[in-house]
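Undergrad: Just so we're aligned, residue 11 is where the sequence shown starts under the numbering used here, counting upward by one.
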Amino acid sequence: MTLSEGRLSFLAHALLKVVTDEHLGRTRNERLFLAEAKRVLAEAFSLDGRLDELVRARMPRRVVPGSREWDVLYRRYYEEERRRLGG
Numbered sequence: 011m012t013l014s015e016g017r018l019s020f021l022a023h024a025l026l027k028v029v030t031d032e033h034l035g036r037t038r039n040e041r042l043f044l045a046e047a048k049r050v051l052a053e054a055f056s057l058d059g060r061l062d063e064l065v066r067a068r069m070p071r072r073v074v075p076g077s078r079e080w081d082v083l084y085r086r087y088y089e090e091e092r093r094r095l096g097g
């Protein structure tokens, strides 16, 4: 899944707000924090999208999307691919 720059910015600002409001940490340079947060978020969502593609490619054609069997296989394959990619 790829998020737009605007959505990444929104999430990064929300993260900064939680960190500062909840006194979880301090930052001397908000711009640097926001840039790094956006980079990490983009990387995480990119990995999630890649994992989804790999899992869907492995799914047997006979399994109906949305069925209980599909959900179970999807979760199992997702975890296998995540471990394989080191995530």
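Virtual Cβ for every residue (Gly too), placed ideally from N, Cα, C.
1) If you follow the alpha helix (DSSP H) that Leu83 is part of, which residue opens it and which one closes it?
2) I'd like to know if the segment 64-75 and the segment 85-97 are in contact, where contact means that at least 3 CB-CB pairs between them fall below 8 Å.
3) What first and last residue would you give for the alpha helix (DSSP H) that runs through Glu46?
4) If you draw a straight line from the C-alpha of Leu95 to the C-alpha of Gly59, how long is it?
5) Since Lys48 and Ala22 are thought to touch, with beta carbons under 8 Å apart, how far apart are those beta carbons, to the nearest angstrom?
6) Buried or exposed for Leu61, please, with buried defined as at least 16 other CB atoms from any protein chain shown within 10 angstroms of its CB.
TA: On the basis of the data shown:
1) 78-95
2) yes
3) 40-68
4) 13 Å
5) 5 Å
6) buried
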